[in-house]
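Single-structure report; data block below.
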Amino acid sequence: MSSVNKSILLVDDDQEIRELLDTYLSRAGFQVRTTPDGAGFRQALNEAASDLVILDVMLPDEDGFSLCRWVRQHPRQAHVPIIMLTASSDEADRVIGLELGADDYLGKPFSPRELQARIKALLRRAQFGQERSGGEVLAFDEWRLDMVSHRLFHTDGEEVILSGADFALLKLFLDHPQEILDRDTIGNATRGRELMPLDRIVDMAVSRLRQRLRDTDKPPRLIRTVRGSGYQLAASVIASNGH
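Everything in the sequence shown is counted per my numbering, starting at 916 for the first residue and increasing by one.
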């Protein structure tokens, strides 16, 4: 996937990090915009769309979590991939960010090369999802997923906003109903990368998707945990063209 013409919006209050990443990612072919605070980030995203955003958790005026929540409710940019930059030792930050709809996280300090790899993986996933969307609507259990708009509807009329990670994970389950998917398969399909040891990103993503699908019974009814093996969508899927 070419990085040419792909735009990135970065918010970080550390000037050295902003300048370093601006230079590094620009040389890689990305169009980079940077801002030091939440107010500047909100203004920049409203002024022009981005293909991916990078949010530092700690900012002078508001934290990255509130910005992540705001992006996921944005009328035009709700599905943009989000990478959060967190303190490497603080797992709580990562959990909160993923629950709010972030697609990936990277602990500080990090190498620009690793960040670029994460960016490319998420952009490949987003492009792959667009290519496969077609005009289908996938119906399962009490839900309907529009593959064009990425909108999820319950039979009672409620619409659920999905992040890019939510959509990728749900689409993976819908492509493989009744099949047991292991964590590495899910990680590669939804994050575009292999999981690190002790990486809980898949388990947290499944937990968040269960909440979106009202699958909160103990044990869950719709997305089942298969101990020692992975997860399974326990529903039939019916595809149709249009609504």
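The beta carbon of each residue, even a glycine, is placed where N, CA and C say it ideally should be. No experiment lies behind these values; they were computed from the predicted model shown.
In this structure, DSSP gives residue 1060 an extended state, which the three-state scheme calls strand. In this structure residue 1034 is in contact with residue 967, their Cβ atoms being roughly 6 Å apart against a cut-off of 8 Å.
Secondary structure of residue 1076 (DSSP, three-state): coil. Between residue 1016 and residue 1123, the C-beta spacing is below 9 Å. With a cutoff of 9 Å on beta-carbon distance, residue 1089 and residue 1055 are scored as near each other. The three-state reading of DSSP puts residue 1133 in coil, since its state is none of H, G, I, E or B.
In terms of Cα proximity to residue 953, the closest of 962, 974, 963 is 974. According to the DSSP assignment, residue 926 belongs to the beta strand (DSSP E) that extends over 922 to 926. Residue burial annotation: residue 935 is exposed, with fewer than 16 other C-beta atoms found within 10 angstroms of its C-beta.
Short of 8 Å from the beta carbon of residue 941, and not among the five residues preceding or following it, lie these beta carbons of its own chain, in chain order: 947. Per DSSP, residue 973 lies in no alpha helix (DSSP H) and is assigned neither H nor E. When the five nearest sequence neighbours on each side are left out, the beta carbons in the same chain lying within less than 8 Å of the beta carbon of residue 972 are those of 978, 979, 980, 999, 1000, 1001, 1002, 1008, 1012, in order along the chain.
Distance between residue 1154 and residue 1060, taken at the CA atoms: about 10 Å. A straight-line Cα-Cα distance of about 41 Å links residue 976 and residue 1096.
As the crow flies, the alpha-carbon of residue 1076 is around 8 Å from that of residue 993. Contact annotation: residue 1152 and residue 1092 have beta-carbon atoms nearer than 9 Å.
Setting aside the 5 residues that flank it on each side, residue 1066 is surrounded in the same chain by 1074, each with a C-beta closer than 7 Å to its C-beta; the list follows chain order.
In the three-state reduction of the DSSP assignment, residue 1015 falls in the coil class, being assigned neither a helical nor a strand state.
Excluding the 5 residues flanking it on each side, residue 1070 has same chain C-beta neighbours closer than 6 Å at 1057, in chain order. Of the candidates 1084, 930, 958, the residue whose Cα lies closest to the Cα of residue 951 is 930. Taken through DSSP and simplified to helix, strand or coil, residue 981 comes out as helix. Taking a 10 Å sphere around the C-beta of residue 1141, we find fewer than 16 other C-beta atoms and assign the residue as exposed. Restricting attention to 920, 1026, 1079, 937, the CA atom closest to the CA of residue 983 is found in 1079.
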